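Structure first, then comments.
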Amino acid sequence: MNNIMTDNHTIQNKIFTLRDLQVMLDADFAELYGVQTKQLNKAVNRNLDRFPEGFRFQLTQQEFDNLRFHFGTSSEHCGRRYLPFAFTEQGVSMLSAVLRSTTAVQVSIKIIETFVSMRRFITQNAGIFDRFERIEQRLSIHDENFNKIFDAIEDKSIKPKQGIFYDGQIFDAYVFVSELIKSAKKNIVLFDNYVDESVLMLLSKRVSTCQVNIYTKTISKQLELDLQKHNAQYPHAEIKKFNLSYDRFLLIDDEVYHIGASLKDLGKKWFAFSKMDRESFEIMQMLK
1102 MNNIMTDNHT
1112 IQNKIFTLRD
1122 LQVMLDADFA
1132 ELYGVQTKQL
1142 NKAVNRNLDR
1152 FPEGFRFQLT
1162 QQEFDNLRFH
1172 FGTSSEHCGR
1182 RYLPFAFTEQ
1192 GVSMLSAVLR
1202 STTAVQVSIK
1212 IIETFVSMRR
1222 FITQNAGIFD
1232 RFERIEQRLS
1242 IHDENFNKIF
1252 DAIEDKSIKP
1262 KQGIFYDGQI
1272 FDAYVFVSEL
1282 IKSAKKNIVL
1292 FDNYVDESVL
1302 MLLSKRVSTC
1312 QVNIYTKTIS
1322 KQLELDLQKH
1332 NAQYPHAEIK
1342 KFNLSYDRFL
1352 LIDDEVYHIG
1362 ASLKDLGKKW
1372 FAFSKMDRES
1382 FEIMQMLK
């Protein structure tokens, strides 16, 4: 008998699970039988009526790629002109009848015994495997949740709902408001009674298709000139007189932020900000 057959571990390593069936590939059978793969398949092709789908089937490209990725199949499977064939336990029994040699019979018996042994082991330990699978599923869910948390931590585009900037945090406050402005897709509305050219420059960071409306208590000659120069270089912005608001509000599309300081004074003194639950649509309705 082929010496390789004395090693049951070698046989077990050549048995895979495909389509919920334990199978062995044609090249591995050929190696154990001591024949060439094409000779084995020719013998089978002459007796195809003995090998229905439940006895022998051809792998799909995806199945073959997965097999190579997870298990690293032997070099004999590579460089072939066609995809490998897989034989089930019933196919192994039929192979010995087709090949009609003492070696084939002895090898087939040994392989079938290994199939049976592995199936018995799986059946006896089904409960353990089932628990392992449930644990694996739970771990997969935990991994997914952790990834979401880590992504959220790393994602600087996620805007906080409230916070405080302290005296001297001029740049941090500027960057925060700047990111809000950059995030706007459709429109920006600012209620601020103290607007100057620095506010216009901050608003120039918006996307070109985003409309800007500024409501302020007083429109000085200087502010009119600043706006004129801004509009000559950047997308058009409008400033309107409005004296009904004491607080500062920044509307970014459908979100409303209450800002505790004028945009021109960001970070000069302590100020708080908060994202409000009321939609910007309601505030805009109050203007009509």
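The letter at position 157 of the sequence shown is residue 1258 when you use the working numbering, and the numbering goes up by one with no holes. Each residue gets a CB set at the ideal place from its N, CA and C atoms; glycine is no exception. Quick caveat, the model's predicted, so the values are computed rather than measured.
Out of curiosity, what's the CA-to-CA distance linking residue i and residue j?
{"i": "Ile1116", "j": "Leu1126", "result": "8 Å"}
{"i": "Thr1317", "j": "Leu1352", "result": "14 Å"}
{"i": "Val1290", "j": "Asn1314", "result": "5 Å"}
{"i": "Phe1188", "j": "Gly1135", "result": "17 Å"}
{"i": "Gln1323", "j": "Met1302", "result": "15 Å"}
{"i": "Ile1282", "j": "Asn1167", "result": "47 Å"}
{"i": "Leu1304", "j": "Ser1279", "result": "8 Å"}
{"i": "Val1296", "j": "Ile1320", "result": "9 Å"}
{"i": "Leu1119", "j": "Leu1160", "result": "9 Å"}
{"i": "Thr1310", "j": "Lys1286", "result": "8 Å"}
{"i": "Arg1349", "j": "Lys1369", "result": "16 Å"}
{"i": "Gly1361", "j": "Arg1232", "result": "55 Å"}
{"i": "Thr1215", "j": "Asn1248", "result": "42 Å"}
{"i": "Val1308", "j": "Asn1294", "result": "24 Å"}
{"i": "Phe1266", "j": "Ser1284", "result": "20 Å"}
{"i": "Pro1336", "j": "Glu1325", "result": "16 Å"}
{"i": "Ala1198", "j": "Gln1191", "result": "12 Å"}
{"i": "Asp1354", "j": "Lys1306", "result": "15 Å"}
{"i": "Ser1299", "j": "Ser1346", "result": "21 Å"}
{"i": "Ala1338", "j": "Phe1292", "result": "14 Å"}
{"i": "Ala1274", "j": "Asn1332", "result": "25 Å"}
{"i": "Thr1138", "j": "Asp1121", "result": "24 Å"}
{"i": "Phe1165", "j": "Pro1185", "result": "8 Å"}
{"i": "Phe1277", "j": "Arg1235", "result": "44 Å"}
By DSSP, does residue i sit in helix, in strand, or in coil?
{"i": "Ala1128", "result": "helix"}
{"i": "Leu1351", "result": "strand"}
{"i": "Leu1301", "result": "helix"}
{"i": "Ile1320", "result": "coil"}
{"i": "Ser1209", "result": "helix"}
{"i": "Gln1137", "result": "coil"}
{"i": "Tyr1183", "result": "coil"}
{"i": "Tyr1335", "result": "coil"}
{"i": "Tyr1358", "result": "strand"}
{"i": "Phe1292", "result": "strand"}
{"i": "Ser1375", "result": "strand"}
{"i": "Thr1118", "result": "strand"}
{"i": "Val1308", "result": "coil"}
{"i": "Asn1142", "result": "helix"}
{"i": "Asn1344", "result": "coil"}
{"i": "Asn1148", "result": "coil"}
{"i": "Leu1168", "result": "helix"}
{"i": "Ser1194", "result": "helix"}
{"i": "Arg1232", "result": "helix"}
{"i": "Ser1363", "result": "coil"}
{"i": "Ala1274", "result": "helix"}
{"i": "Glu1154", "result": "coil"}
For residue i, is the classification buried or exposed, using 16 other Cβ atoms within 10 angstroms of its Cβ as the cut-off for buried?
{"i": "Leu1240", "result": "exposed"}
{"i": "Leu1133", "result": "buried"}
{"i": "Pro1153", "result": "exposed"}
{"i": "Glu1245", "result": "exposed"}
{"i": "Ile1259", "result": "Low confidence applies to Ile1259: its pLDDT is 47, below 50, so where it sits in the model is not reliable, and the reading given next is rough at best. With fewer than 16 Cβ atoms within 10 Å of its Cβ, Ile1259 is classed as exposed."}
{"i": "Lys1211", "result": "buried"}
{"i": "His1110", "result": "exposed"}
{"i": "Glu1237", "result": "exposed"}
{"i": "Asp1129", "result": "buried"}
{"i": "His1243", "result": "exposed"}
Per DSSP, residue i forms a beta bridge with which residues?
{"i": "Gln1159", "result": "Phe1186"}
{"i": "Phe1266", "result": "Phe1372"}
{"i": "Ile1242", "result": "In DSSP, Ile1242 forms no bridge with anything."}
{"i": "Asn1314", "result": "Val1290 and Glu1339"}
{"i": "Gln1329", "result": "Answer is none; Gln1329 lacks a bridge partner."}
{"i": "Glu1123", "result": "As written in the sequence, residue 1123 is Gln, which differs from the Glu given in the question. Partner(s): Thr1118."}
Should residue i be listed as close to the ligand NAD, given that the test is whether its C-beta is under 7 Å from any heavy atom?
{"i": "Gln1123", "result": "Annotation note on the ligand NAD: not contained in the displayed structure, which lists no ligands."}
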